[in-house]
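Notes follow the structure.
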Amino acid sequence: MKQRKPVIDKSKASEDLHYMRLMALLQELVRDHGRKRAAAILGVDRRTLDAGLDERVLSRRMRTALDRALRSGVGSAPASERDHDDELEGRLKDIRGRVETLEESVSKGLAAVRGDVKALRNELAQVVRRAATLEPGGAVGVSADGQDAGTQPTRMPGVRREFPDLVTLEPAYDDEEVFGEFWHLIVEWRGLKETHPNRGKGLDWLTTEERFLALELTLLEKHGLTLPPETYPLRGLERSAQTNWRRAALSDTRRALRKAERLRKVRRVLTFGLW
-5 MKQRKPVIDK SKASEDLHYM RLMALLQELV RDHGRKRAAA ILGVDRRTLD AGLDERVLSR
55 RMRTALDRAL RSGVGSAPAS ERDHDDELEG RLKDIRGRVE TLEESVSKGL AAVRGDVKAL
115 RNELAQVVRR AATLEPGGAV GVSADGQDAG TQPTRMPGVR REFPDLVTLE PAYDDEEVFG
175 EFWHLIVEWR GLKETHPNRG KGLDWLTTEE RFLALELTLL EKHGLTLPPE TYPLRGLERS
235 AQTNWRRAAL SDTRRALRKA ERLRKVRRVL TFGLW
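Here our numbering is used: position 275 in the sequence shown is 269, and no number is missing along the way.
This is the structure in structure tokens:
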């Protein structure tokens, strides 16, 4: 015949645990103050205290007195709980202070970002205006018979470039003719080269750096161009070296950019979308 496992009476276990807390408080008071003083603290007579302590049986009166003392904070256990509450309150204040500091930083950061965006818009407008001046313009002239010749491109005397696959920092009058369908990439590259700092940090800088490096690789690999500061077209190992370090830099930049984007998502969650 199988033995049945003993069933634990949860109510009895809870009662036993409470009894142990009361007895621990009684013993602590007697140890710290003596029986006479402990009886006075609890508001019971000495005989009642002695009976509970010696016989380890708590009368109703003794239980009531100990319960009242426990709720009033008498003993080390309630003091420990108060210390714990004080610690939690301190941590809560610290968190509140950090949140306020973060909110202040976010506000300042947003103001700085707005300023950077405005500056970048102005720089972009300047680049666009400069690019517009490079487009073949025209002036209204007069033909040999005195008729309006219409708008004709203004061209300098035709001079063939010595190295048509060499990109220069400064625009040239025949850029569009030399570079053809990818001339707009040259214009974009020059704009970034002029405005984008070599070193920086932050999501905006990484985004621009990724575009800049990708643009340089496209010009080097896909279109076979050579970029400044080189003054002669690159060939063989020299060209491979230029493309290899840019490819490695682009990979590192994209890795850093993904990390920055993840951090921004975390910040937005922690700041409830404020940053």
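Using N, Cα and C, we set each Cβ at its ideal position, and we do this for glycine too. It should be emphasised that the depicted structure is a prediction, and the values quoted were computed from it without experimental measurement.
Within the model, the alpha-carbon separation for Asp10 versus Leu16 is close to 10 Å. Shown here, Leu228 sits in coil according to DSSP, grouped into three states, outside any helix or strand. Here DSSP, grouped into helix, strand and coil, assigns Leu43 to helix. Around the beta-carbon of Glu98, fewer than 16 other beta-carbon atoms lie within 10 Å, marking it exposed. By the Cβ-count criterion, Ile180 is buried, with 16 or more other Cβ atoms from all chains shown falling within 10 Å of its own Cβ. As a beta-bridge residue in DSSP terms, Leu160 pairs with Thr220.
Out of Arg256, Phe173 and Val100, the CA that lies nearest to the CA of Gly218 is found in Phe173.
With a contact defined as Cβ atoms closer than 8 Å, Ala63 and Ile35 qualify at about 7 Å. In the displayed model, Leu52 falls within coil according to three-state DSSP, outside both helix and strand.
Taking C-beta atoms as the reference points, Leu200 and Ala254 count as a pair closer than 7 Å. Shortest Cα-Cα distance from Met14 to any of Gly46, Ala105, Leu264 and Lys102 involves Gly46. The alpha-carbon separation between Gly37 and Arg85 amounts to approximately 38 Å. When the beta-carbon positions are compared, Leu207 and Ala243 come within less than 7 Å of each other.
The stretch 223 to 234 makes no contact with the stretch 180 to 190: fewer than 3 CB pairs, one atom from each, lie closer than 8 Å. The Cβ neighbour count for Thr220, taken over all protein chains shown within 10 Å, is at least 16; the residue is labelled buried. Distance from Glu210 to Arg240 at the Cβ level is roughly 6 Å; contact confirmed, criterion being Cβ atoms closer than 8 Å. Cβ neighbours of Thr42 within its own chain (closer than 7 Å, five residues either side excluded): Ser53, Arg55 and Met56. Counting along the chain, Phe173 sits inside the alpha helix (DSSP H) bounded by residues Asp169 to Phe173.
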